[in-house]
Amino acid sequence: FASSGNQGSSTSISSPACNSGVISVGATYDSNLGAEPDSGTYQTLFGGTWPTCADATTSATVITCFTNSHAQLDLLAPGARITSAGMGGGTSTYRGTSQASPTVAAVAALMIEANPTLAVHPDWIQSILYSTGVDVTDSKNGFTFRRINALAAIQYVLPDEGWGPPANDAFANATVVSSPPYRWSQEVFQATTAGTDPSGVNLCNVVTRSDTVWYRYTPLQAENVSISTEGSTYDTVVGVYTGTEGALTLVACNDDTDALHNLRSSTLNFNATGGVTYRIMVARYGTASTSASVLRLSVSNTPVGDTIALFNNTNNTVSLVDSLVTTPSPVNYATYPAGFSTTGGQLIMGDWNGDGQKTPGIYANGAFSFTNGIGFTGTWTGIWIGLVGRPAVAGRFNSAFNNDCIGAVDSGNFPPYGIAYALYFTCNLTSGPTPPLTFQWLSVLLPDSQGHTGTAQFTAGDWNNDGVDSIAIRRTNFIAFTNVPPTTLESAFNLAQYFGSPSAVSYGSFVSGDWDSNGVDSFGLVYSNGAFY
């Protein structure tokens with residue numbers, strides 16, 4: 018844990034709090050202290066680099082104006098005024114993020130005392146501190162963070178000392194999942210396994226499982242459901258079923274979120290039908306344990322609208338983010354190894370088989386490789402596009418296909434007008450490695466002669482809710498786009514808008530999606546510092 022700093026910044030936090038592997042902590046007030054400081058500003062009170070600011074009102078849900086805060090800030094804790102043991106005896110009362118950070122560390126120590134299995138899982142500690150915390154919004158920048166709740170965090174990790182199997186050990190006694198978002202914590206020590214509990218092909222090919230517990234959920238209407246066991250203290254396997262005991266039909270299952278990186282929790286998504294009861298079984302991978310084991314189960318609705326996928330080309334990982342809320346919780350990220358080398362390639366999401374789920378694809382050196390699964394897999398299919406070094410773009414370019422198409426944008430000088438662009442694409446991803454390509458002339462777009470600068474970036478989307486995607490181009494602050502489908506030989510970019518450059522940290526990556534689930538795609542920019550606009 019490290020304090021975020023006391024310069025009052027709304028755009029950055031201090032080192033070492035900004036480093037990877039560090040949990041950064043900002044300060045709230047301990048309680049209602051009236052105006053703080055009593056007179057003047059923190060600069061007049063302390064001098065140095067303290068900011069010229071003051072807070073007219075204070076409470077445990079007010080971030081101190083001196084706290085450095087930005088998207089990288091992880092947690093909040095009381096930091097003003099804090100009375101503690103003083104050097105040389107007695108007590109001392111101070112204000113600062115350096116009072117907030119040790120407060121969080123102390124709560125973490127109490128959590129480990131209550132449940133020693135947490136000692137080797139700092140990521141679980143962070144996730145629990147976040148999930149049991151209280152939302153607090155910083156008026157300086159509008160970001161919402163979580164202030165720790167010490168009692169809730171300790172209660173969350175205390176094992177159930179009751180003797181015998183848990184109440185939901187048997188299929189017939191399944192715990193009812195209330196309306197999402199649902200969070201539940203339980204001890205599974207002494208849970209048993211019935212002969213009718215699924216295994217093998219009905220549980221992600223897991224043959225040996227133990228300590229099974231059951232839940233049931235009946236949605237009122239059709240919805241997307243996400244299940245996670247992140248924060249559990251043992252290796253979990255989750256299966257979702259319909260039907261009756263001994264005659265269950267598998268809907269979805271997951272063994273490991275990321276086995277390659279030893280993330281043994283389970284994460285899955287499935288489309289639920291209203292009025293249907295879904296049976297959720299959580300099992301331990303392998304044989305039963307002889308010590309306490311805590312299950313953390315969360316059931317939530319995955320967003321109907323589009324969200325963001327993040328790619329790390331250094332370690333070949335994919336992170337799917339299931340929330341557009343500012344500063345998502347760690348449980349909102351599903352990170353797993355791509356299963357295919359991404360080095361030197363452009364990663365792109367698309368619905369490659371028409372099942373409604375976008376999955377990763379990689380375009381590198383003229384070849385496009387893709388998978389139809391979410392999570393680590395070694396099963397990838399490859400086809401040849403051939404435009405080496407050109408930007409790839411994906412979308413449903415042809416209404417005759419249910420799946421997304423893949424293409425690349427070629428470019429060349431077209432004097433005296435400037436750089437001209439053309440799209441080459443295919444929607445046939447199943448008939449062999451060298452499908453024929455379709456061509457669309459995009460023409461000269463956002464040329465230098467009209468004052469446009471920066472690298473040309475491309476995306477595709479359904480800009481008019483006609484069910485077909487078409488091309489958009491971005492150069493720095495401006496976007497030009499069209500509703501002419503790529504199956505039409507000559508496009509017409511008669512639409513444009515000013516988007517701006519909301520961040521100066523990098524040029525940004527141009528993306529599109531139906532962020533608000535209204536049937537119409539719109540634009541976005543993702544920056545190297547993790548900000549998405």
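Each residue of the sequence shown is one higher than the last, beginning at 18 in our numbering.
Note that CB positions come from ideal geometry on N, CA and C, so glycine has one too.
1. Please classify residue 315 as buried or exposed, where buried requires at least 16 other C-beta atoms within 10 Å of its C-beta.
2. Of the choices 246, 92, 452 and 470, whose alpha-carbon is the least far from that of residue 167?
3. Do you know how far the Cα of residue 33 is from the Cα of residue 26?
4. Alpha carbons only, please: which of 297, 468, 481 and 373 is nearest the one belonging to residue 495?
5. Under a three-way DSSP split, which group does residue 541 fall into?
6. Tell me residue 172's beta-bridge partners as DSSP assigns them.
7. Specify whether the stretch 325 to 343 and the stretch 352 to 367 touch according to this definition: at least 3 beta carbon pairs, one from each stretch, less than 8 Å apart.
8. Exposed or buried, what is residue 72 when buried is set at 16 or more other beta-carbons lying within 10 Å of its beta-carbon?
9. Whose C-beta lies closer than 6 Å to the C-beta of residue 409 among residues of the same chain, with five residues either side of it excluded?
10. Residue 532 bridges to which residues according to DSSP?
11. With a Cβ-Cβ cutoff of 8 Å, do residue 498 and residue 512 count as a contact?
12. Name the residue from 541, 342, 61 and 533 whose alpha carbon lies nearest to the alpha carbon of residue 515.
13. Pop quiz: residue 452 and residue 400 are said to be a contact at Cβ under 8 Å. What is the actual Cβ separation, rounded to whole angstroms?
14. Provide the residue(s) that pair with residue 244 in DSSP beta bridges, ordered along the chain.
15. Give the single residue among 303, 297 and 268 whose Cα lies nearest to the Cα of residue 281.
16. So is residue 83 buried or exposed if we call it buried at 16+ other beta carbons inside 10 Å?
17. Suppose only complete runs of 4+ residues qualify. What are the alpha helix (DSSP H) ranges in the stretch 365 to 412, listed by chain order?
18. Determine the burial state of residue 457: buried for a count of at least 16 other Cβ atoms within 10 Å of its Cβ, exposed for fewer.
19. Please say whether residue 95 and residue 47 have beta carbons closer to each other than 8 Å?
20. Residue 30 by DSSP, collapsed to three states: which one?
21. Quick one: what does DSSP say residue 467 is sitting in, helix, strand or coil?
22. Do you know offhand how far residue 461's Cα is from residue 317's?
23. DSSP three-state call for residue 231: helix, strand or coil?
24. Please report how far the alpha carbon of residue 102 lies from the alpha carbon of residue 311, in whole angstroms.
25. Taking the DSSP output, what are the residues bridged to residue 72?
26. Between which two residues does the beta strand (DSSP E) containing residue 146 stretch?
27. Along the chain, where does the beta strand (DSSP E) containing residue 629 start, and where does it finish?
28. For the putative contact between residue 86 and residue 18, defined by C-beta atoms under 8 Å, what is the C-beta separation to the nearest angstrom?
29. Between residue 534 and residue 482, what straight-line distance do the alpha-carbon atoms span, to the nearest angstrom?
30. Grab me the residues of residue 543's own chain with a C-beta within less than 7 Å of its C-beta, minus the 5 sequence neighbours each way, in chain order.
31. Let's see if you can read the secondary structure: which residues bound the beta strand (DSSP E) around residue 298?
32. Can you list, in chain order, the residues of its chain with a C-beta nearer than 7 Å to that of residue 375? Leave out the 5 residues immediately preceding and following it.
33. Report, in whole angstroms, the separation of the C-beta atoms of residue 135 and residue 171, which I expect to be a contact under 8 Å.
34. So, are the CB atoms of residue 488 and residue 506 less than 8 Å apart?
35. Going by DSSP in three states, residue 129 sits in which element: helix, strand or coil?
Let me spell this out:
1. Here residue 315 is taken as the residue at index 298 of the sequence shown, counted from 1. Burial call: buried.
2. In the sequence shown, residue 167 corresponds to position 150, counting from 1. That would be 92, whose Cα lies nearest to the Cα of residue 167.
3. What you label residue 26 is simply residue 9 of the sequence shown in a count that begins at 1. What you label residue 33 is simply residue 16 of the sequence shown in a count that begins at 1. Distance between the alpha carbons of residue 26 and residue 33 is about 15 Å.
4. Here the question's residue 495 lines up with position 478 in the sequence shown. The shortest C-alpha separation from residue 495 is found at 468.
5. Stepping through the sequence shown from its first residue, residue 541 is reached at position 524. In this structure, residue 541 counts as strand in the three-state DSSP scheme.
6. Within the sequence shown, residue 172 is the residue found at index 155, counting from 1. For residue 172, which the question treats as bridged, DSSP gives no partner whatsoever.
7. yes
8. Mapped onto the sequence shown, residue 72 falls at position 55. Classification for residue 72: buried.
9. As a first step, residue 409 is located in the sequence shown; it is residue number 392 there, counting from the start. Excluding sequence neighbours, residue 409 sits near 363, 365, 380 and 425.
10. As a working note, residue 532 is residue 515 in the sequence shown. Bridge partners of residue 532: none, in fact.
11. Position 481 of the sequence shown, counted from the start, is the residue given in the question as residue 498. Position 495 of the sequence shown, counted from the start, is the residue given in the question as residue 512. A contact, by the Cβ cut-off of 8 Å.
12. Counting from one through the sequence shown, the residue named residue 515 turns up at place 498. Nearest option by C-alpha distance: 541.
13. In the sequence shown, counting from the first residue as 1, residue 452 sits at position 435. In the sequence shown, counting from the first residue as 1, residue 400 sits at position 383. Contact flag correct, Cβ pair sits at about 6 Å.
14. By 1-based counting over the sequence shown, the position of residue 244 is 227. BP columns for residue 244 point to 285 and 316.
15. Numbered from its first residue, the sequence shown carries residue 281 at position 264. The option with the nearest alpha carbon to residue 281 is 303.
16. On the sequence shown, position 66 is the one that residue 83 refers to. Buried: at least 16 other Cβ atoms inside 10 Å.
17. none
18. Counting from 1 along the sequence shown, the entry for residue 457 is found at position 440. So residue 457 counts as buried.
19. Stepping through the sequence shown from its first residue, residue 47 is reached at position 30. Stepping through the sequence shown from its first residue, residue 95 is reached at position 78. Cβ distance < 8 Å, so residue 47 and residue 95 count as in contact.
20. Looking up residue 30 in the sequence shown gives position 13. Residue 30 falls in the coil class under three-state DSSP.
21. Position 450 of the sequence shown holds residue 467. Looking at residue 467 - three-state DSSP - the assignment turns out to be helix.
22. Numbered from 1 along the sequence shown, position 444 holds the residue referred to as residue 461. Numbered from 1 along the sequence shown, position 300 holds the residue referred to as residue 317. Residue 461 and residue 317: Cα-Cα distance of roughly 46 Å.
23. For the purposes of this step, residue 231 is taken as residue 214 along the sequence shown, with counting starting at 1. Strand, per DSSP.
24. For the purposes of this step, residue 102 is identified with residue 85 of the sequence shown, where counting begins at 1. For the purposes of this step, residue 311 is identified with residue 294 of the sequence shown, where counting begins at 1. Spanning the two alpha carbons is a distance of roughly 35 Å.
25. Taking the first residue of the sequence shown as position 1, residue 72 is located at position 55. BP columns for residue 72 point to 53.
26. The residue given as residue 146 occupies position 129 in the sequence shown. Note, residue 146: premise wrong, no beta strand (DSSP E); alpha helix (DSSP H) at 139 to 148.
27. In the structure as shown, the chain begins at 18 and stops at 550. Residue 629 is therefore absent and cannot be evaluated.
28. Reading the sequence shown from its first residue, position 69 is the one you call residue 86. Reading the sequence shown from its first residue, position 1 is the one you call residue 18. Contact flag wrong, Cβ pair sits at about 16 Å.
29. Taking the first residue of the sequence shown as position 1, residue 534 is located at position 517. Taking the first residue of the sequence shown as position 1, residue 482 is located at position 465. The straight-line gap from Cα to Cα measures roughly 11 Å.
30. Numbered from 1 along the sequence shown, position 526 holds the residue referred to as residue 543. Contacts found: 325, 525, 526, 528 and 549.
31. Position 281 of the sequence shown, counted from the start, is the residue given in the question as residue 298. Counting along the chain, the beta strand (DSSP E) containing residue 298 begins and ends at 295 to 302.
32. As a first step, residue 375 is located in the sequence shown; it is residue number 358 there, counting from the start. Once the five neighbours on either side are set aside, the close Cβ partners of residue 375 are 366, 367 and 368.
33. Position 118 of the sequence shown, counted from the start, is the residue given in the question as residue 135. Position 154 of the sequence shown, counted from the start, is the residue given in the question as residue 171. No, residue 135 and residue 171 are not in contact; Cβ-Cβ is about 11 Å, not under 8 Å.
34. Here the question's residue 488 lines up with position 471 in the sequence shown. Here the question's residue 506 lines up with position 489 in the sequence shown. For residue 488 and residue 506, no; Cβs fall outside 8 Å.
35. Position 112 of the sequence shown, counted from the first residue, corresponds to residue 129. Helix at residue 129.
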